[in-house]
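Below is one structure, written out as structure tokens, with a few remarks after it.
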Amino acid sequence: MWAAAGAVTLGFLVALEITARHYGLPGPLTTQVKEVIFPPKSGFLLYGSMALMMVVLTRRERFIALGVALGIDAVLLLLRWATGTGLHGGHPFGNGALWVILGCAVIAVTRRTGHERVLLLKGVGLALLLVAGRKTGDTWLLITAKARPTVLDPYLAVADHALGDPSWLVGRMLKATGPVGAHFLDLVYGQLAVAAVVVSLYGLRNVAAERRFPRHHLVRTFLVIGLLGPGIYMIFPVVGPIFAYGTGVEHWQPDGLWTHTPDTAQWMVGDFWPHTPPPLTDPQPIPFDELTPRNCMPSLHTAWATAIFIHSRKGPAVLRHGGTFWLLATLTATLGFGWHYGTDLVAGVVFTLTIEAGLRAQARGWDRTATHLVGYGTAVFTALLLSYRYLPMEMALHPWLYGPLVLLAMGSVIYAYVRITRAWEREVAPVPEREPQPEPV
Numbered sequence: 025m026w027a028a029a030g031a032v033t034l035g036f037l038v039a040l041e042i043t044a045r046h047y048g049l050p051g052p053l054t055t056q057v058k059e060v061i062f063p064p065k066s067g068f069l070l071y072g073s074m075a076l077m078m079v080v081l082t083r084r085e086r087f088i089a090l091g092v093a094l095g096i097d098a099v100l101l102l103l104r105w106a107t108g109t110g111l112h113g114g115h116p117f118g119n120g121a122l123w124v125i126l127g128c129a130v131i132a133v134t135r136r137t138g139h140e141r142v143l144l145l146k147g148v149g150l151a152l153l154l155v156a157g158r159k160t161g162d163t164w165l166l167i168t169a170k171a172r173p174t175v176l177d178p179y180l181a182v183a184d185h186a187l188g189d190p191s192w193l194v195g196r197m198l199k200a201t202g203p204v205g206a207h208f209l210d211l212v213y214g215q216l217a218v219a220a221v222v223v224s225l226y227g228l229r230n231v232a233a234e235r236r237f238p239r240h241h242l243v244r245t246f247l248v249i250g251l252l253g254p255g256i257y258m259i260f261p262v263v264g265p266i267f268a269y270g271t272g273v274e275h276w277q278p279d280g281l282w283t284h285t286p287d288t289a290q291w292m293v294g295d296f297w298p299h300t301p302p303p304l305t306d307p308q309p310i311p312f313d314e315l316t317p318r319n320c321m322p323s324l325h326t327a328w329a330t331a332i333f334i335h336s337r338k339g340p341a342v343l344r345h346g347g348t349f350w351l352l353a354t355l356t357a358t359l360g361f362g363w364h365y366g367t368d369l370v371a372g373v374v375f376t377l378t379i380e381a382g383l384r385a386q387a388r389g390w391d392r393t394a395t396h397l398v399g400y401g402t403a404v405f406t407a408l409l410l411s412y413r414y415l416p417m418e419m420a421l422h423p424w425l426y427g428p429l430v431l432l433a434m435g436s437v438i439y440a441y442v443r444i445t446r447a448w449e450r451e452v453a454p455v456p457e458r459e460p461q462p463e464p465v
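Note that our numbering has the sequence shown beginning at 25, numbered continuously upward.
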């Protein structure tokens with residue numbers, strides 16, 4: 025199964041690399057190979073990926089791996105300083121972690137045998153998949169901007185009236201907090217992968233002792249969300265309220281955020297966000313630039329934060345509280361920064377619960393309840409997208425009807441997921457019958 029999954033993943037990455045080259049962009053394989061030597065885009069991600077790989081190592085091997093990674097990073101940093109090459113926007117660390125991950129792959133092939141080789145290769149594959157997932161997402165975002173010249177923001181802006189224009193409301197609230205609130209939420213928003221690694225490490229804490237991976241864990245959900253989500257971007261391209269109805273990231277530059285990003289204000293419909301909701305007019309697709317990603321529908325940050333929240337429920341109190349905080353802070357950031365409409369967040373929650381249900385069912389074995397749950401989540405998600413696209417004016421003109429209906433649809437998926445997955449967890453495996461023993465003479 026792992027070999028088949030690896031072959032499919034490699035084929036997908038090669039196809040995405042070819043597609044990116046068609047648009048004149050670097051693909052995920054190219055950007056990843058560059059980070060073997062050049063300063064990485066996210067050193068935190070590479071060290072987090074190495075931490076995931078280390079769940080298969082002994083305590084002594086973990087200390088050695090961490091020491092080697094830090095030593096390599098120190099040497100490369102000194103070489104860059106001595107040669108004056110600089111970081112060029114990358115992080116000063118992270119290459120060492122990637123070197124250790126690749127080195128463990130070599131050790132697995134040359135020094136390990138049998139089950140131990142397979143286990144170490146699974147750890148390496150898990151780490152590289154997390155990194156590849158990030159690179160794949162970056163490439164997908166660039167492709168969406170090139171491949172989808174028009175966006176559907178007016179449809180979501182109108183439909184969002186049914187939810188009370190939450191991005192406009194939270195945007196004003198965040199702006200009122202000044203630079204402190206903005207920088208704090210930017211930190212939380214930008215380090216979502218680190219939170220995922222922390223929760224994943226707890227879920228994988230017994231791998232070294234048991235010498236096997238659990239059938240389901242957070243990284244699986246994270247990767248599937250990142251694989252399927254960009255496909256929806258291509259179907260429903262949206263840039264977000266801050267770009268379509270505001271001055272873009274220039275809005276936050278007085279607070280010291282994102283000072284080196286391209287100007288997008290010339291593409292906006294009007295300067296409405298976050299002070300004045302746009303007028304109710306019949307929505308039409310609008311043209312937009314070839315740089316801004318069409319990455320709003322569904323909100324994958326909401327989807328990933330929801331997955332973190334779900335997988336933190338079985339942990340200790342500090343992990344549960346952390347998962348709750350990260351979900352609430354991410355929802356606030358997605359709306360407050362103007363990245364997303366409220367409709368995006370609703371779709372993101374339904375999207376995640378449907379994927380999580382499918383993966384859990386695949387791990388435990390499909391049955392009728394699993395089919396019903398996944399089918400229901402898929403139907404609700406599809407209905408939401410169709411409503412946003414073809415009924416936005418009706419939603420906006422009857423907010424007291426459609427607003428509760430949208431929230432009720434999301435709530436029904438949450439209720440079904442919780443009820444069915446709790447029933448799965450209560451299932452008790454049958455106790456194996458003992459073989460008859462001879463009676464004592």
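Ideal Cβ placement from N, Cα and C applies to all residues, glycine included. Since we're looking at a predicted model, the values are computed, not measured.
Inset, instruction - Determine which residues share a DSSP beta bridge with Y174 and list them. - result: One point to set straight first is that residue 174 is Thr, not Tyr, in the sequence displayed. Looking at the DSSP assignment, T174 forms a beta bridge with P311.
Legend entry - Among F375, C128 and H46, nearest to I167 - alpha-carbon criterion: H46
Legend entry - Backbone CA spacing between E234 and A156 [nearest angstrom]: 27 Å
Inset, instruction - Put Y71 into one of helix, strand or coil per three-state DSSP. - result: helix
Legend entry - Beta-carbon proximity of V404 to A447, cut-off 8 Å: Result no, Cβ atoms of V404 and A447 do not sit closer than 8 Å.
Legend entry - Test: F333 CB closer than 8 Å to a CB of chain B: Looking at the structure shown, chain B is missing, and only one protein chain is on hand.
Inset, instruction - Measure the Cβ-Cβ separation of T271 and D306 and say whether it is below 8 Å. - result: Contact: no.
Inset, instruction - Using only alpha-carbon positions, find the residue among G347, D189, E380 and S66 that is nearest to L111. - result: Measuring from the Cα of L111, the nearest candidate turns out to be S66.
Inset, instruction - Work out the CA separation of T55 and E41 for me, nearest whole Å. - result: 10 Å
Legend entry - Backbone CA spacing between L359 and P428 [nearest angstrom]: Taking the Cα positions, L359 is about 19 Å away from P428.
Legend entry - Whole-Å CB distance - A181 paired with P265, under 8 Å assumed: Beta-carbon to beta-carbon, A181 and P265 are separated by about 7 Å, close enough to satisfy the 8 Å threshold.
Inset, instruction - Go to N119, then tell me how far its alpha helix (DSSP H) extends in each direction, as first and last residue. - result: N119 to R135
Inset, instruction - Whole angstroms is fine: what's the gap from V60's alpha carbon to P278's? - result: 36 Å
Legend entry - C-alpha distance - T406 paired with M321, whole-angstrom precision: 12 Å
Legend entry - Same chain, Cβ closer than 6 Å to P301, neighbours up to 5 away in sequence not counted: D189 and W192
Legend entry - Reduced DSSP secondary structure (H/G/I, E/B, other) of D184: helix
Inset, instruction - Taking the CB atoms as reference points, tell me whether L216 and W297 lie closer together than 8 Å. - result: No, the Cβ-Cβ distance between L216 and W297 is not below 8 Å.
Legend entry - alpha helix (DSSP H) runs contained entirely in the stretch 37 to 64, provided each spans 4 or more residues: For the stretch 37 to 64, whole alpha helix (DSSP H) runs of length 4 or above, ordered along the chain, are 52 to 58.
Legend entry - Classification of K338 by the beta-carbon crowding that lies within 10 angstroms, buried from 16 upward: Exposed: under 16 other Cβ atoms inside 10 Å.
Legend entry - Separation of Y179 from A385, as counted between CA atoms: 35 Å
Legend entry - Residue interval of the alpha helix (DSSP H) (run including G401): Residue range R392 to Y414 is occupied by the alpha helix (DSSP H) that includes G401.
Legend entry - Cβ-based burial, F267 [other Cβ within 10 Å; buried from 16]: buried
Legend entry - Backbone CA spacing between G250 and R318 [nearest angstrom]: Each residue's Cα considered, the two are about 14 Å apart.
Inset, instruction - Please look up how many angstroms separate the CB atoms of W76 and V221, rounded, as I've assumed it's under 8 Å. - result: According to the sequence as given, residue 76 is Leu; it is not Trp. That belief holds up - the Cβ atoms of L76 and V221 are roughly 6 Å apart, short of 8 Å.
Legend entry - Endpoints, the alpha helix (DSSP H) within which L343 is located: A341 to G360
Inset, instruction - Report all residues from its chain with a CB closer than 8 Å to the CB of Y470; omit the five preceding and five following residues, and keep chain order. - result: Missing from the structure shown is residue 470; the chain here goes from 25 to 465 and no further.
Legend entry - As assigned by DSSP and simplified to three states, the class of G114: coil
Inset, instruction - Could you work out which residue in I125, P311, D177 and L102 is closest to K170 when comparing CA atoms only? - result: For the set I125, P311, D177 and L102, the Cα lying nearest the Cα of K170 is the one of P311.
Inset, instruction - Sort H185, S224, C128 and Y400 by Cα distance to P303 and report the nearest one. - result: H185
Inset, instruction - Flag this pair as yes or no: are the beta carbons of H441 and L377 separated by less than 8 Å? - result: First, the amino acid is wrong: residue 441 is Tyr here, not His. In contact: Y441 and L377 (Cβ atoms closer than 8 Å).
Inset, instruction - Use the C-beta contact count for W105: other C-beta atoms within 10 angstroms, 16 or more gives buried, fewer gives exposed. - result: exposed
Legend entry - Start and end residues, alpha helix (DSSP H) containing L324: L324 to S336
Inset, instruction - Pick helix, strand or coil for H7, following the three-state DSSP scheme. - result: Nothing about residue 7 can be read from this structure; the chain reaches only from 25 to 465.
Inset, instruction - Could you check if R488 is buried or exposed, using at least 16 other CB atoms within 10 Å of its CB as the buried criterion? - result: Lying before the first or after the last residue shown, residue 488 is absent from the chain, which here runs from 25 to 465.
Legend entry - Buried versus exposed call for V204 [16 or more other C-beta atoms within 10 Å across all chains shown]: With fewer than 16 other Cβ atoms within 10 Å, it is exposed.
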